[in-house]
Each structure stands twice: as structure tokens, then as C-alpha cells.
Amino acid sequence: MKLLTRSFFLALAADFTVLAADTNLRSASNNKPRRRRLEQKEPCTLIYQETQFYDEEPDPTRDDDESVGGRRRRRHLKQASATKEKKEWVCELSEADASVAESNIVRIEGIDDTFIEANGIESGDNTILFEGDTIEGDKMYVANSINAVIIGESEQKKAKNAKSGKSNRRRRLAAGAKTVLVVRVNSSKDGRKTSASASQLANDIFDDAVSLRTHYAACSNNQLTFNKATGKNIVNGVISVNLNSNVNNVDSSAVRTNMQNAANSLAGFDVKNAFDHVMFCIPPGSTDSGSKGWFAYAGVGSWYSVYNDNACTYVSAQMHELGHNFYLAHSNEAGETYRDQTGMMGISYAEDDTRMCFNPVKSWQLGWYADRQKDLNPATEAPFQTTLIGTAGYKASKDIGNSNERVIIRIGNAETSGGVTYDYYIGYNAQFGINADTKEGQNQVTVTKREAGTAYKTSDLVAKLSVGGKYTINKFRGTNNKLIIQFKSRVDGLQKAVVEVYFDGLQGNFPTMAPTQPCAPGEAFFELDLTLDYWAPEDNSWTLVHDLSAGQVGSGKNFARNSQSYYSVCLNSATSYTWTLTDNHGDAICCSAGKGEFIGYVNGVEIFRGGSAQDFVANKAVKKFTTPGGVPPTPVPVPNPTKAPTPSPTPKPTSPPQPAPTTAPAPAPVPAAGNCATGQTLFELDLQLDYWAPDDNSWTVTNGKGKTVLSGGSYERNAADSKSMCVNNGEQYTFTLLDAWGDSICCQHGKGYVRGKLGGKETFSGGEGFGKTFQQKFIAGSATTTPVANPSSGSNGSCPSGKKQLVLELLFDYWAPDDNSWTLTTGPTTVDSGSNYARNAADTRTLCLDSGKTYTFTLLDKWGDSICCSHGKGFYKGTLAGKQIFSGGEGFGKEAKATFKA
């Protein structure tokens, strides 16, 4: 081969590598309409680029929000597609070549993965110069690669004209402090602009409780932090640029180039060299490969990530794309791209707050849990047992110094298949705290594999294990030995898992660890494993209802396509319940458009299973069961396997399903007053909600111990609901209605109301002007109810002169028994306190405080995930002499504190 003789390379003659010829290279197309033709003068940096697409192409002419009665809400959320992606090699041009080209990052036509792998090229590490190539628009056409020259990053630094700046190898280290610049734009040419304002972007990317900065910090236990970029015309990490060029129907690479050039000019320096990461938030209407449905993309091991408008505000998109900057590849399942939804490198979601970290493969690559991971060699260490804690449990384990717990187990070179050797990774996908919104394999042990080595490779989720479940590597390291991974038991409720790794027939004689029960004595633990099909977003929702009271104790809706989910709840013992899955189109969840299935368990015993058409009647699958303590449930037999699904989803008929009747369904029958046992009274609740019910409203009735005995939520717009139950005479109950927006249920957006009756007599009512919380206490068998003082009333209650009335209201989340306690103190004296609450408990205290004294309210949360909003809509509020003086619930971590003078 002849060598290039450009003067740029003379000083590097000893360092360059001449690339091998590739007989499979495609030649540049000669029938394309040619624009301005340029020749590459200097080496460009090779970058691997991956693009996600929406599952549906967004309509850029439609506002992403809707407005009714002056209130703006985000439309139905979509996800990035699990089936649409684009992978390509691009080249970042030198400053000299970029100054005369239309785009500073161009797509390469004429090389493929075979060429890349044969020459050991890594994204972001190598520059390349082709002889005889041409640059047209956003493409580089390579006619012949035989005489191409590659230079590694270390050699680039020796070049006389190498520019100073951030190293791509430094950028991909997911540790330390990184700087991030966000670029938004307004086009004066066609009026397109980034929908999110600069302040909204700063909040969604840096400041929100769940954002790029805060959640990377949480997942890494503050080992990786992001700082806002600073400099001329940069405000809170965001620079807003103006373009005198079109955005609509223009390729996103050209728009991004124009944004980068404008940002350089406005800041007064080259932003890519000044900062570790630059995020480009492109207005709606741009294209990628001719489609406006692109979602986001990033350079692997590089500095840039690019987002289609509002995708810039979604934390899962932010973390996914910067994950590519950190050299993380996609997370697949059963060979399907993006399908692993246990972590951020699978599908991205069009939602503001997604509390989720990374799967075990990515977590190992990131290196954040090195002191809680195990590189296991079964040949010398099996049988092996350990306790897995998951990413959400890492901080607590580290804080208490429990080094015997693990986040990840890796088994190196565990299997060879098709000439490729794989490492296996074992983790526990605990669903709480920073991982509360994981979309798949919740509270299950996951087994994931990845091609051995350090190259950029995808991972593949191969197993999700429930308690007792096993996964077998049949030919461990090429032998006939079967290596078994088994989920033995849970510890600390749902938060930890005991796992054993052993060879078939050689299980260890480990002491049996008694699993801790997630529910209190006298309760039953219900679990639901649900896998849906392609049409889940349009079709599916479910409810779990207490049969006697008709109160809803659980529900699910707004599922992603082909999603897998897990749900658990503690139920009353010896009580009948009904679980109902609705499929709007009536074609079940298996097997025309996917292999859906539902499985229900009580105390670890399977009680029902199904998914095919035979399980549905009138578009509903209904499963009734009684929790232990009464008539034992009859296990449902596993149905025979059904026909395998077609390779791609079968399209729905073009005609939409028949709409539901406009008349409200008849309410569920309620027990008559005479049907209540001696010493009980019938409580009846009538509820009419307004237009914003789906976003706003939920309610509970709690008994004197703070235990929820009746509840409702997940309502449709303008929904009506009626519930009843028998309550114990002489016991105090509390009804609490929440309105997230704070505009009550009447009368701006509907004529909502709530009415409560005891023994047929109305005891409370309301609906207008209560703000975010309507709460009433009542005692069965009593003629009166005790209302909670409204903050607007200005009342000092019955407190004597020299005293002021404090009304303290608390609503806790699901983990209250494990997490929460509070005190009210003045100096060293404790005035009042609370602890040992039931799940989702409510508590209201009315106290007379000494005027002029200083008091401190302190609320503790052991796990540090606050009381809202990952496991419930908890809050706390203090009202002094009718005036609200403090409130909160979300984002306070382990301690919330308020000091005030009475």
C-alpha cells in the first residue's frame, strides 16, 4: 500500500496505521443529485451514533399541551420505540474542513461495521483521513479506503495543529464533576423555537428532584456530578441562540451544526472544547432520515447529545443519551433492541420524572458499586450464597458498613455460543427509592449477559426470577456442567434478595435465612406479574377491588407497548377480592400481537394465571380470590400453550372499537344498614369529580390506627363513585380527599362534590374551596363529626387566651411502617410525636401552643426517599391559628424540619 504524504502526517510517520482493504465496501452513489463538492483536507474523528425514534411520529403543528378552562396539562405520554432505531458511523470534521462544509459532523457512506472491526476502531478515539473522498451536505462519500490513515487519540495530541480541549476518553469516565451546556434555539426564519423555555430546561435538566443532574448523582451515590456550564450569555447552564435559517423539514444534523456555530459565537469560545457535554434541544419539525419522528441521539464516547424538542425535558432520555457519551450500549432482551426496561439504556419514556438507574451490566461498567460487587469464579467458589441489595439499597448498605451485601455478581467467560464468549451479571431489581419507577422485573432477580471484553457491546436480559426461580447456564465454560442461579428468598420485605449460585447436584448446605414478611401479622401479600402485548397503550387497564366495600385497593393503566410490570400490596386476611383486566379491543393479550400473560400470587402461592382469549368475557378477564384465613383460594391450572405470536403485531381493524355508553354504569350494590353486624354502622360515600380527576384526585378512609380501610383513585374525567362499608361504633375514622392541583373539585371545571353518611344520615359534605386537601373525621354511632380546621378559617379553635391552635396534618406513603416518625419540640421538651404508622396512614393532631414560644417540627424518613411521590402522595402541613405556616412532602430526603414561633 502506498502511504499518504500530506505534510500533516510527516511528524507522525512512525505512529500511523495503514488500514486494511475491505472488499465489501460500498462505493459512493453516482446518481445522487450533487451539491457543493468538497475534498477532506484533514483527519476527522470517527464516532458511532445511535438514534431512537418515537413509536408514533409527532405532529409538529399540534401543541404538546392541551388547555381546558385555562389549565394546561401535558397530553398522553408516548415512549421511544422499541423497534425503531438507526445506527451509523459519522465523522466529526476538523475546524478547517467544518468551516467550509454544511455540517461539522457528517454521515459516512462507504464503510461498514466489518471495516470498523477489522481495524480496531473505537468511537471517539480515532481520527481518519481518506484519499479521494468527497463531502456533500451532511455526508462523506468514501470511494476507496485502501489508502486511509488512522491515528489513535494519543497520537492526535502530538500533532502540531491539534486543538486543546476535552479528551473523549476523559469524557466517558462516569465519575467526578462534569460540566454540561444546554443549547436552545429560536429561528427567526420560520418561527420554530424550542418549546421549553430556558428556565424550564434548567429545572428539568439540573434542578428538578428527578433530573439529569440529581438522578445521576443519586444513582452514583454522588460519585458523578454535573455542574451547570458558565460563561458569557450562559444562564443557569443554558444558552439561547437565534438562527436565521429554517428548522422545519431540515435535517437535524444541519440544525445542530447551526446551533453549535451560533453558541460558539454567542459564548465567545468553542463550546465542545470548553465543556464535557453539550445537549442540543432542537425545535419541532426537523427530520432524521426524512422522518420527523426521531426522538434523540448521541455520539458514543463523545461530547454531544441531540433531542427532538420536548425529549430534552425527559429524564430517561437525558440519562440514556449521556449514557452513550459514557460508552454505554443499548440494553436488549431476548435479542430485541431496547426491550430491557429494568434500566435507563432500554426504551426512553416521554415523561418528566422516571426514577430508575441502570441494569447490572451497565452498573458494573460505570464502576459506582465497586465495593459492593463480586467477580465470582464458580469453578473455585461455588456453591456460593449472597444477599443482593440492588442499586436502590447501595447507599444504606454503605452507610451502615455492611460489606457482605452485593449490588452485582459477575460470572466471567460463563458461556460460549456461536464463537462468542459471554459474561453473566446477576442483580436484584428492588423497586423503591431511586429505582421506584423501573418498568420491568420489579423486585425480581435479573440475569443479564454481555459479550466479554471492554468493547462497545449491547447487553441482553435473559431471565427475571421470582422467589424460588432458577436460571441454568447449560454448558458452563464449554463443559457439560450446568451452573444454576437461584433466587432463594427475600430479606427486609421486598428490599433484599438471597441468591445462590451452584452446579447442578452440588447445592450448598447454607443456613436457611428466614424471609422477612412484607406485610403485618393478619395481612396477606398479593403480587401481580403482568406482561402485555403491542396494543397495551390503547387497550389495557386493571383494578383490584375489595368485594364487600367495593373499594379499589389497586389499579394500573397507561402501559407501554409489550410492557412487563409488577405490583404488590398487603391485603386483609380472610377477605374476598376481585382482580379485573380490561382489554378494550377484545383480542386478549395473547397471542395475536404479543405473548402477554398475567399471574397472581398470594403469600407466594400462584392463585391465577391467563392471558389468552379463553380468559376474557366481554373484554374483561375477571379473577376472584379469598385471602388466607377464610376459604382458601383454588389455584387456577396453567392453560395449555397457545399458538406462537406472528413475527410482527397484527394491525388492528381500521374501524375503532365501539365507544362506551354515555350513561354511567350502575353502581355496585352496597350493604344495607341492617346487614352490618352488631356494634357497626353503615358508612356511605358519594363522590362526583370534575374534568381533571385523572390527574388530581384520590381519597382514603383510615381507621383509628391509621390503617386505610377504603380508598379510591385513577378516575376518569367527571367520574362519579359510590362506596360503602360497615364501620365499628365508637371508633374514629378519617376521610381524606386529595386534589393535586389545589383547585378543589368544584366549580371551575365541573360541579363536583363529596357527601358522607352514617346510618343513612349525612354527616359531612363539601367540594368547593378546600384547595389540595379535604379532610373530615367521624365517629360511628355518634351524631356529629369533627371537621379539620381549614387554613382559611382564621380560627384559634378552643385554645385559651395566651395559646394558639396548631393543626398538624400528615399523610404517609406505603413504606410508613419502616420509615417515618416525627416530633414537635420546644427547646429540650417534646410536645407531641408520632411513629409506628400503618402503610399510607393519615394523622391529624390539634394542639394548643404557648404564644411567643419557638417550636420545631421534625419529620424523619429512614430511607431518604421522602413521603411523596414514589410510593404514595404523602404530605405534611402545619396551620397555626388558621394560617398555614409550613408544608411539604417531596424531595426532603431523610429529614424535613420547620421552625416557627407561636
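Mapped onto mature numbering (1 follows the signal peptide of the UniProt record, and there is no 0), the consecutive letters of the sequence shown carry residue numbers -20 to -1, 1 to 882.
From the three backbone atoms N, C-alpha and C, an ideal C-beta is built for every residue, glycine too.
Query	Result
In terms of alpha-carbon separation, which member of N454, S694 and E395 lies closest to K537?	S694
Going straight from the alpha carbon of W843 to that of A796, what length do you get?	10 Å
Between which two residues does the alpha helix (DSSP H) carrying W344 extend?	P340 to L346
Report buried or exposed for R52, applying the criterion of at least 16 other Cβ atoms within 10 angstroms of its Cβ.	Here the model assigns R52 a pLDDT of 29, short of 50, so the residue's position is not dependable, and the following value carries that caveat. Classification of R52: exposed, given that the 10 Å Cβ count is below 16.
Kindly list the residues whose CB is nearer than 7 Å to the CB of N244, restricted to its own chain and excluding five residues on each side of it in sequence; keep chain order.	D250 and V251
Of the residues A822, Q20 and S745, which one's Cα is nearest the Cα of L791?	A822
Specify, as a first and last residue, the run of the beta strand (DSSP E) that F754 falls within.	T753 to I759
Which value, in whole angstroms, describes the spacing of the CA atoms of G347 and A554?	48 Å
Can N677 and D723 be called in contact, C-beta distance under 8 Å?	no
Can you list, in chain order, the stretches of the beta strand (DSSP E) that have 3 or more residues and sit fully within the stretch 690 to 758?	700 to 708, 712 to 719, 733 to 738 and 741 to 746
Are T459 and L551 close, meaning C-beta to C-beta below 8 Å?	no
Which ranges would you report for the beta strand (DSSP E) in the stretch 376 to 443 if only whole runs of at least 3 residues count?	388 to 397, 400 to 408 and 425 to 431
Applying the criterion that 16 or more other CB atoms from any shown protein chain within 10 Å of the CB defines a buried residue, is V597 buried or exposed?	exposed
Just to confirm my understanding: we take T41, look at its own chain, exclude 5 residues before and 5 after, and list those with CB closer than 7 Å. What are they?	A caution first: T41 carries a pLDDT of 41, below 50, which makes its placement in the model unreliable, though a value can still be read off. Hits under 7 Å: none found.
Between T401 and A601, what straight-line distance do the alpha-carbon atoms span, to the nearest angstrom?	44 Å
Grab me the residues of T806's own chain with a C-beta within less than 6 Å of its C-beta, minus the 5 sequence neighbours each way, in chain order.	K833 and Y835
DSSP state of I569, grouped into three classes?	coil
Could you pull the DSSP bridge partners for R589 from this structure?	I579
Assuming G580 and L508 are in contact, meaning their beta carbons sit under 8 Å apart, how far apart are those beta carbons, in whole angstroms?	6 Å
Can you check whether the CB of A314 is closer than 8 Å to the CB of A297?	no
With a cut-off of 8 Å on the beta carbons, I'd call F506 and S548 a contact; round off their distance for me.	7 Å
Between the beta-carbon of A516 and the beta-carbon of S543, is there less than 8 Å?	yes
Excluding the 5 residues preceding and the 5 following A640 in the sequence, name in chain order all residues of the same chain whose CB lies nearer than 6 Å to its CB.	Its pLDDT being 35, under 50, A640 is placed unreliably in this model, and the value from its coordinates should be taken loosely. For A640, where only same-chain residues beyond five positions count, there are no Cβ hits under 6 Å.
Can you tell me whether S269 is buried or exposed? The criterion is at least 16 other CB atoms within 10 Å of its CB, across all chains shown.	exposed
Indicate whether W339 and T426 have their beta-carbon atoms separated by less than 8 Å.	One point to set straight first is that residue 339 is Asn, not Trp, in the sequence displayed. In this structure, T426 lies closer than 8 Å to N339 by Cβ.
What residues match up with M120 in a beta bridge as DSSP calls it?	I88 and I115
If S343 sits next to T371, beta carbons under 8 Å apart, how far is it from one beta carbon to the other, in whole angstroms?	6 Å
DSSP on A291, reduced to helix/strand/coil?	helix
In whole angstroms, what is the alpha-carbon distance linking Y287 and T159?	18 Å
Helix, strand or coil for F483? Go by DSSP, reduced to three states.	strand
Hey, could you find the ends of the beta strand (DSSP E) H195 is sitting in?	Not the beta strand (DSSP E): H195 falls in the alpha helix (DSSP H), residues L192 to C199.
Taking all protein chains shown into account, decide if K874 is buried (16 or more other Cβ within 10 angstroms of its Cβ) or exposed.	exposed
On the CB-based measure, 16 or more other CB atoms within 10 Å of its CB, does L302 come out buried or exposed?	buried
May I ask you to report which of helix, strand or coil DSSP gives H526?	strand
Give me the residue from D187, D793, Y318 and D105 with the minimum Cα distance to T25.	D105
Whole angstroms is fine: what's the gap from V163's alpha carbon to T107's?	26 Å
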